[in-house]
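Chemist: To convert, count from 1 in the sequence shown and add 238; that's the numbering used here. First the structure, which I've put down as structure tokens, then a few questions once you've had a look.
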Amino acid sequence: MHFPHLFVTLHSRMSENTDLYTQAAQRLTEYIKGKNIRKTPERFEILRIICQTPGIFSIDQLQEIMEKEAKFNVSRVTLFNTLRLLEDASLVIKHTLARAAHYECCITPHPLVCLVCQKCGTVKKLESSKIENWLSEQKCKQFVISQPVLYFHGLCRSCIVKNSIRNRKEKTKRKETKTKTKIQKK
Ligand SMILES: [Zn+2]
């Protein structure tokens, strides 16, 4: 799979996210120290790329970005384990969806609204200040929200188009068979 839009935005966001990475790397260093685990360069390189990656991504997408943008070959197992570690360190949020797990950088937590296509499995993020306002008005007693996430399941634009094309084709086919049977009866 290719995600050109991701690569275009990646370059423009590189410098603006340096601070984000500095902050994230500091938190990861503290977490690693506290847990007494090895401080490998791979973990920090993966974190750097995640800090520069806008939006939600799957392991496949992250692997593609690592190889193309950072020229860094990393196995799926390493990516999976690192993402789990970053999730434990509250640096990454995992979205468990119907088809595959998706991840997102969450160094500064903010309310998320995800639009999940139930047909092709793509996930898009919806930005809305109204939702942030609504969430801030909610009073959750005896429960501390660390990361508010809302999921909406449905059909994406490209699947809607594909569906209507298929429906049109089926309709024409049905019409053709009807006309054929009519001619044969005559
Ligand atoms: Zn779709």
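Every residue gets a Cβ at the ideal spot worked out from N, C-alpha and C, and that includes glycine. Remember, predicted model here, so these are calculated numbers, not experimental data.
Out of Gln299, Thr415 and Lys273, which has the shortest C-alpha to C-alpha gap to serine 313?
Modeler: By 1-based counting over the sequence shown, the position of residue 313 is 75. Here the closest residue by C-alpha is Gln299.
Chemist: Residues around ligand 1, please: the ones whose beta-carbon is closer than 5 Å to some heavy atom of it, in chain order.
Modeler: Listed by chain position, these are Cys355, Lys357, Cys358, Cys394 and Cys397.
Chemist: Within 10 angstroms of its Cβ, does alanine 338 collect 16 or more other Cβ (buried), or is it exposed?
Modeler: The residue given as residue 338 occupies position 100 in the sequence shown. Exposed, because fewer than 16 other Cβ atoms sit within 10 Å of the Cβ of alanine 338.
Chemist: Indicate the three-state DSSP secondary structure (helix, strand or coil) for valine 399 in the structure shown.
Modeler: Numbered from 1 along the sequence shown, position 161 holds the residue referred to as residue 399. In this structure, valine 399 counts as helix in the three-state DSSP scheme.
Chemist: At the level of alpha carbons, what is the spacing between lysine 368 and threonine 415?
Modeler: For the purposes of this step, residue 368 is taken as residue 130 along the sequence shown, with counting starting at 1. For the purposes of this step, residue 415 is taken as residue 177 along the sequence shown, with counting starting at 1. Using only the alpha carbons, I get a separation of about 51 Å.
Chemist: Taking only three categories from DSSP, how would you classify valine 330?
Modeler: In the sequence shown, counting from the first residue as 1, residue 330 sits at position 92. Strand at valine 330.
Chemist: Would you list the residues sitting across from phenylalanine 381 in a DSSP beta bridge?
Modeler: Along the sequence shown, one-based indexing puts residue 381 at 143. Partner(s): none; phenylalanine 381 has no beta bridge.
Chemist: In whole angstroms, give me the CA-to-CA distance for phenylalanine 295 and cysteine 343.
Modeler: As a working note, residue 295 is residue 57 in the sequence shown. As a working note, residue 343 is residue 105 in the sequence shown. Roughly 9 Å between the two C-alpha positions.
Chemist: Determine the extent of the alpha helix (DSSP H) in which alanine 262 is found, giving its start and end residues.
Modeler: Numbered from 1 along the sequence shown, position 24 holds the residue referred to as residue 262. Looking at the DSSP string, the run of the alpha helix (DSSP H) that includes alanine 262 is 256–273.
Chemist: So leucine 285 and leucine 258 are supposed to be a Cβ contact under 8 Å. How far apart are they, rounded?
Modeler: In the sequence shown, counting from the first residue as 1, residue 285 sits at position 47. In the sequence shown, counting from the first residue as 1, residue 258 sits at position 20. With a Cβ gap of about 10 Å, leucine 285 and leucine 258 do not count as contacting.
Chemist: Quick one: grab the DSSP three-state call for glutamine 422.
Modeler: In the sequence shown, the residue the question calls residue 422 occupies position 184. Correct three-state label for glutamine 422: helix.
Chemist: Considering only C-alpha positions, which residue in the set Cys355, Lys277 and Leu317 is nearest to phenylalanine 390?
Modeler: Counted from its first residue, the sequence shown places residue 390 at position 152. The residue with the shortest Cα to Cα distance from phenylalanine 390 is Cys355.
Chemist: Can you give me the C-alpha to C-alpha distance between cysteine 397 and lysine 409, rounded to a whole angstrom?
Modeler: Position 159 of the sequence shown, counted from the start, is the residue given in the question as residue 397. Position 171 of the sequence shown, counted from the start, is the residue given in the question as residue 409. Between cysteine 397 and lysine 409, the C-alpha separation is close to 18 Å.
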